[in-house]
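Each remark here refers to the structure printed beneath this line.
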Amino acid sequence: MKIPYYPGCTLKTKAKDFEDSAIAAARVLGIEMEELPRWNCCGTVYSLSSDDLIHQLAPIRNLIRAKEQESDRLVTLCSMCYNTLKRANEFFLADEEKRERIKRYLDDEIPYEGDVRVVQLLELLRDEVSMDAIKEAVKKPLTGLKVAPYYGCMLLRPASIGIDDVERPTVMEDVLRALGADVIDDPYKTECCGAYQTVSQKDVVATCAHSILTSAQGNGAEVIALSCPLCDFNLDNRQKEVQERFNGFHPMPVLYFTQLMAIAFGLDPSVCRFELSYNDPVPLLKSKGLIE
Amino acid sequence: MKIRLSRERVRGDFVKKVEMISGQDLLQCYQCGKCSAGCPAAFEMDILPSHVIRLAQMGQEEELAQANSYWICFSCQTCTVRCPRGVDIAKIMEALRLVTLRQKNRNKVEATGLPPELLAELPQIAIVSSLRKLSG
Numbered sequence: 057m058k059i060p061y062y063p064g065c066t067l068k069t070k071a072k073d074f075e076d077s078a079i080a081a082a083r084v085l086g087i088e089m090e091e092l093p094r095w096n097c098c099g100t101v102y103s104l105s106s107d108d109l110i111h112q113l114a115p116i117r118n119l120i121r122a123k124e125q126e127s128d129r130l131v132t133l134c135s136m137c138y139n140t141l142k143r144a145n146e147f148f149l150a151d152e153e154k155r156e157r158i159k160r161y162l163d164d165e166i167p168y169e170g171d172v173r174v175v176q177l178l179e180l181l182r183d184e185v186s187m188d189a190i191k192e193a194v195k196k197p198l199t200g201l202k203v204a205p206y207y208g209c210m211l212l213r214p215a216s217i218g219i220d221d222v223e224r225p226t227v228m229e230d231v232l233r234a235l236g237a238d239v240i241d242d243p244y245k246t247e248c249c250g251a252y253q254t255v256s257q258k259d260v261v262a263t264c265a266h267s268i269l270t271s272a273q274g275n276g277a278e279v280i281a282l283s284c285p286l287c288d289f290n291l292d293n294r295q296k297e298v299q300e301r302f303n304g305f306h307p308m309p310v311l312y313f314t315q316l317m318a319i320a321f322g323l324d325p326s327v328c329r330f331e332l333s334y335n336d337p338v339p340l341l342k343s344k345g346l347i348e
Numbered sequence: 017m018k019i020r021l022s023r024e025r026v027r028g029d030f031v032k033k034v035e036m037i038s039g040q041d042l043l044q045c046y047q048c049g050k051c052s053a054g055c056p057a058a059f060e061m062d063i064l065p066s067h068v069i070r071l072a073q074m075g076q077e078e079e080l081a082q083a084n085s086y087w088i089c090f091s092c093q094t095c096t097v098r099c100p101r102g103v104d105i106a107k108i109m110e111a112l113r114l115v116t117l118r119q120k121n122r123n124k125v126e127a128t129g130l131p132p133e134l135l136a137e138l139p140q141i142a143i144v145s146s147l148r149k150l151s152g
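Going down the list, the sequences are from chains Y and P. According to my numbering, the first sequence is numbered sequentially starting from 57. According to my numbering, the second sequence is numbered sequentially starting from 17.
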């Protein structure tokens, strides 16, 4: 299955580990993620105002890029891109008058009627690949690796665009279980990491990260799996601030779920780009015999 | 704290502006407090989300101008998905930010004020989203 892929800004730089592992792991399952030949920043956060049409243009343009590839779908990895693109399309479809105004700004583009569906890789895995097919592709089951899935906000909220149940999602658990991991149930899996406040309110984010990480650890997790480069920064890199602020905190690795897929599928660990992690996951994965 | 109520205030320009930008009817809120109970940023807020909504209903512009709540808000939408009245509280928080940010020189974060070490460390999405939410 070929599907146009929208990377977004961070997957080309700080989250190259997410992109490289995802493309390689998806290929094993027969999904060819083809990067759009031309794309622009989605804006990263959906504008929550009703009168701010200009901020809807950047995401809509990306959907038009998918349309140019003669596709009615677009796959994303980054949760924030997913949310912004999907909500912008929802906004576009919801109100005829606003839609017509947005279209007038886009008169240099091919006609667009809101008919590109934004999907996140986890949805494709659940709805089109199936957990059984993932299980079949596993060469090195993640046996004994205690993983706590962390969804954060943007994959789930609001409910109209969420990929799963807004309070009790299970799709990432299902994927990790298919990979053979020991999945840890953690009540903080949908709690916000502090998001963009990491720029000007480091301490606030460190407090949020501490709650999330220690909850996962308290439930027995050795590693967290996630899908958002901002969550990843706040839960991985901000462990430096967590350690400075909270006595007795023990650091733990944080990985993208696709890195765990690549390992379980027996791919060369170089696609996982572990060198981009702040807390090195290699010793843990070695101790479980998952990499050499 | 003295609160002055009048018809002019409760149906005044400030309330209209917040309702127009957010697309929400403030009077839908019946003050159950569920948004405050689940807010992951509440520990840092001087006024809880449900109290912010109450002050907004009453047109208390000056009181709200002093609050840090909507600047601390993470836009995580937890309040929005849990509100039993269907009020999109995250949109009201955004409207309160925009009432300030749409005036000149009222940015909370300045692109030029971010130190180079911080810019080098942060992922792009952090920088772009912070500037989108906290500057005009």
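Note that the Cβ used here is the ideal one computed from N, Cα and C, for glycine as well.
Residues near residue i by beta carbon distance below 8 Å, same chain, minus five either side
i: Thr254 (chain Y); result: Val261, Leu286, Phe289, Asn290, Arg294
i: Gln73 (chain P); result: Val26, Val31, Leu42, Leu43, Cys45
i: Gln273 (chain Y); result: His306, Met308
i: Thr226 (chain Y); result: Asp220
i: Leu232 (chain Y); result: Leu198, Val203, Pro205, Val239, Ala281, Phe313, Leu316
Cα-Cα separation between residue i and residue j, rounded to whole angstroms
i: Leu109 (chain Y); j: Arg329 (chain Y); result: 38 Å
i: Val279 (chain Y); j: Met308 (chain Y); result: 6 Å
i: Leu64 (chain P); j: Leu71 (chain P); result: 11 Å
i: Arg113 (chain P); j: Tyr102 (chain Y); result: 14 Å
i: Ala114 (chain Y); j: Gly99 (chain Y); result: 7 Å
i: Arg160 (chain Y); j: Phe148 (chain Y); result: 13 Å
i: Leu117 (chain P); j: Ile88 (chain P); result: 15 Å
i: Phe302 (chain Y); j: Asp128 (chain Y); result: 48 Å
i: Ala82 (chain Y); j: Leu119 (chain Y); result: 21 Å
i: Leu201 (chain Y); j: Ala237 (chain Y); result: 5 Å
i: Ala58 (chain P); j: Ser151 (chain P); result: 22 Å
i: Gly304 (chain Y); j: Val298 (chain Y); result: 10 Å
i: Ala320 (chain Y); j: Pro339 (chain Y); result: 16 Å
i: Arg20 (chain P); j: Met210 (chain Y); result: 39 Å
i: Gln40 (chain P); j: Ala150 (chain Y); result: 15 Å
i: Met187 (chain Y); j: Met57 (chain Y); result: 17 Å
i: Leu269 (chain Y); j: Pro337 (chain Y); result: 15 Å
i: Asp230 (chain Y); j: Ile240 (chain Y); result: 11 Å
i: Val34 (chain P); j: Gln176 (chain Y); result: 33 Å
i: Tyr312 (chain Y); j: Cys284 (chain Y); result: 8 Å
i: Glu126 (chain P); j: Leu67 (chain Y); result: 24 Å
i: Tyr206 (chain Y); j: Tyr244 (chain Y); result: 8 Å
i: Leu181 (chain Y); j: Thr246 (chain Y); result: 20 Å
i: Arg101 (chain P); j: Glu184 (chain Y); result: 36 Å
i: Lys124 (chain P); j: Asp242 (chain Y); result: 34 Å
i: Leu135 (chain P); j: Arg148 (chain P); result: 16 Å
i: His111 (chain Y); j: Glu169 (chain Y); result: 18 Å
i: Val310 (chain Y); j: Ala277 (chain Y); result: 11 Å
i: Phe90 (chain P); j: Ser256 (chain Y); result: 12 Å
i: Asp104 (chain P); j: Gln93 (chain P); result: 8 Å
i: Lys154 (chain Y); j: Lys120 (chain P); result: 26 Å
i: Cys249 (chain Y); j: Val68 (chain P); result: 22 Å
Cβ-based neighbour list, residue i, same chain, cut-off 6 Å, excluding 5 preceding and 5 following
i: Leu418 (chain Y); result: The question about residue 418 (chain Y) has no answer, for chain Y in this structure spans 57 to 348.
i: Tyr86 (chain P); result: Met109, Leu112, Arg113
i: Ser8 (chain P); result: What the structure shows of chain P is the stretch from 17 to 152, and residue 8 (chain P) is not part of that stretch, so it cannot be assessed.
i: Leu341 (chain Y); result: Ile347
i: Leu80 (chain P); result: Leu71
Residue i, buried or exposed, once every other Cβ within 10 Å from all chains shown has been counted against 16
i: Thr96 (chain P); result: buried
i: Glu78 (chain P); result: exposed
i: Met136 (chain Y); result: buried
i: Thr263 (chain Y); result: buried
i: Pro167 (chain Y); result: exposed
i: Asn139 (chain Y); result: buried
i: Asn84 (chain P); result: exposed
i: Ser146 (chain P); result: buried
i: Pro131 (chain P); result: exposed
i: Thr128 (chain P); result: exposed
i: Ala145 (chain Y); result: As written in the sequence, residue 145 (chain Y) is Asn, which differs from the Ala given in the question. Looking at its Cβ environment, which holds 16 or more other Cβ atoms inside 10 Å, Asn145 (chain Y) is buried.
i: Cys48 (chain P); result: exposed
Spatial neighbours of residue i in its chain, beta-carbon cut-off 7 Å, leaving aside the 5 residues before and after
i: Gln82 (chain P); result: none
i: Gly75 (chain P); result: Arg25, Val26, Gly28, Phe30, Val31
i: Lys72 (chain Y); result: Arg329, Leu332
i: Asp76 (chain Y); result: Val327, Arg329
i: Ser52 (chain P); result: Ala58, Leu64, Pro65, Ser66
Inter-residue CB distance, residue i and residue j (contact presumed, cutoff 8 Å)
i: Leu212 (chain Y); j: Val222 (chain Y); result: 5 Å
i: Leu85 (chain Y); j: Ile190 (chain Y); result: 7 Å
i: Gln140 (chain P); j: Thr69 (chain Y); result: 6 Å
Residues that residue i contacts on chain A, provided the C-beta gap is smaller than 7 Å
i: Glu247 (chain Y); result: Of the chains in the structure shown, none is chain A; the protein chains are Y and P.
What residues in the stretch 73 to 102 of chain Y bring their beta carbon closer than 7 Å to a beta carbon of chain P? Cys97, Gly99, Thr100, Val101
What residues in the stretch 202 to 229 of chain Y bring their beta carbon closer than 7 Å to a beta carbon of chain P? Cys209, Arg213, Pro214, Ala215, Val222
Along the stretch 125 to 143 of chain P, what residues have a CB closer than 8 Å to any CB found in chain Y? Val125, Leu130, Leu134, Glu137, Leu138, Pro139, Gln140, Ile141, Ala142, Ile143
Any residues in the stretch 279 to 292 of chain Y with a beta carbon nearer than 9 Å to a beta carbon of chain P? Which ones, in chain order? Cys284, Pro285, Leu286, Asp288, Phe289, Asn290
Quick one: which residues of the stretch 20 to 34 of chain P get their C-beta closer than 7 Å to a C-beta of chain Y? List them in chain order. none
Short of 8 Å Cβ to Cβ, which residues in the stretch 79 to 101 of chain P face chain Y? Ile88, Phe90, Ser91, Cys92, Gln93, Thr94, Thr96, Val97
The stretch 110 to 122 of chain P: positions lying closer than 8 Å to chain Y by Cβ: Glu110, Ala111, Leu114
Name, going along the chain, the residues of the stretch 312 to 343 of chain Y whose beta-carbon falls closer than 9 Å to a beta-carbon of chain P. none
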